[in-house]
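Chemist:
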Amino acid sequence: MKKSKDEAKSGSDLHLGTLLGRRQAFSLVAARCSAADAACLREIRDQKSYRSLGIGWKEFCARHLGASHAHANRLIGYLNEFGPAYFDLAQLTGISPDEYRAIAPVKDQAIQYDGQLIALLPENAERLAAAVTQLRRQAVPTAAAPQSSIAERVRRLEQRTSQFVREISELTHAQPKGAERIRLASLLIGTREKLQRLETEFGPMV
């Protein structure tokens, strides 16, 4: 058992040394990070091999990766959610995680488009980029036609009118007395007269 633990620790330390040894080549930018880098990062975090440096995960990311631990965790999360295929496609096309979620799943290291399977290989980068662009467009729902300025203003006016009526109703049910009652009655009469005048100016409804 002790030997097994020692072997696991040795392997974890090896990954740590490998990552630190090629720090300049390692990228935490999602569009350039390789699946191998993300997997190495995940193992270092999960095995807690950063502790051999006498620091915690947060400090390890800031000091040795030049990134926040939250960002590193996101990359590991992408690996857990999508698998290696996302990183391969992102390196070739720059696709974002949200866009990757929206398009059809990548299977067997290839994406399906227009009845064809396009392998995730550097020589297919141009075809992959074109296919991803079209899949992005297909995944975005057609936007509803924008409301006319008058329709939008009427909608907002309806909301304000409903609020006005609710407040008037609350005040009338409060049974105000004296000057307050007179002022409220004056408001109701004045509003009614203004609305009647506007109705006359507007003309027949049909």
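Numbering (my numbering), first residue to last: 2 to 207. Every residue, glycine too, gets a C-beta built ideally from N, C-alpha and C.
(1) Just the Cα atoms here: how many angstroms apart are A175 and P98?
(2) Which partner residues does I119 have in the DSSP bridge list?
(3) I'd like the span of the alpha helix (DSSP H) that includes Y101, first residue to last.
(4) Can you give me the start and stop residues for the alpha helix (DSSP H) that C41 sits inside?
(5) Check whether the region 75-91 touches the region 116-132, counting contact only when three or more Cβ pairs, one atom from each stretch, lie closer than 8 angstroms.
(6) Apart from the five residues just before and just after T94, which ones in its own chain have a Cβ nearer than 6 angstroms to its Cβ?
(7) Quick check: the region 63-74 against the region 107-118, are at least 3 beta-carbon pairs closer than 8 angstroms?
(8) Given a cut-off of 8 angstroms, decide if R137 and S100 are closer than it, judged by their beta-carbon atoms.
(9) Straight-line CA distance for L172 to F165?
(10) I'd like the list of long-range same chain contacts for A26, defined as Cβ closer than 8 angstroms, with 5 residues on each side in sequence excluded.
(11) Measure the CB-CB distance between D77 and R102 and report whether it falls below 8 angstroms.
(12) Would you kindly report the start and end of the unbroken alpha helix (DSSP H) that includes A68?
(13) On the three-state DSSP scale, how would you describe P177?
(14) Expressed to the nearest angstrom, what Euclidean distance is found between the alpha-carbon atoms of A186 and I169?
(15) Determine the direct distance from the alpha carbon of R184 to that of Q160, and round the result to whole angstroms.
(16) Return helix, strand or coil for G204, following the three-state DSSP convention.
(17) Expressed to the nearest angstrom, what Euclidean distance is found between the alpha-carbon atoms of T201 and R193?
(18) Starting from Y51, follow the alpha helix (DSSP H) in both directions and report where the run begins and ends.
(19) Would you report the Cα separation of R182 and R154, rounded to the nearest angstrom?
Modeler: To lay it out plainly:
(1) 56 angstroms
(2) I112
(3) P98 to A103
(4) A36 to Q48
(5) yes
(6) L129, A130 and V133
(7) no
(8) For clarity, residue 100 is Glu in the given sequence; the question names Ser instead. Result yes, Cβ atoms of E100 and R137 sit closer than 8 angstroms.
(9) 11 angstroms
(10) Because A26 carries a pLDDT of 49, less than 50, the predicted location of this residue cannot be relied on, and no value is offered for it.
(11) A small correction: the amino acid at residue 77 is Ile; Asp does not occupy that position in the sequence shown. The answer is no: Cβ separation not under 8 angstroms.
(12) A68 -> no alpha helix (DSSP H), and no H or E assigned at all.
(13) coil
(14) 10 angstroms
(15) 24 angstroms
(16) coil
(17) 12 angstroms
(18) Premise fails: Y51 is in no alpha helix (DSSP H) and is neither H nor E.
(19) 32 angstroms
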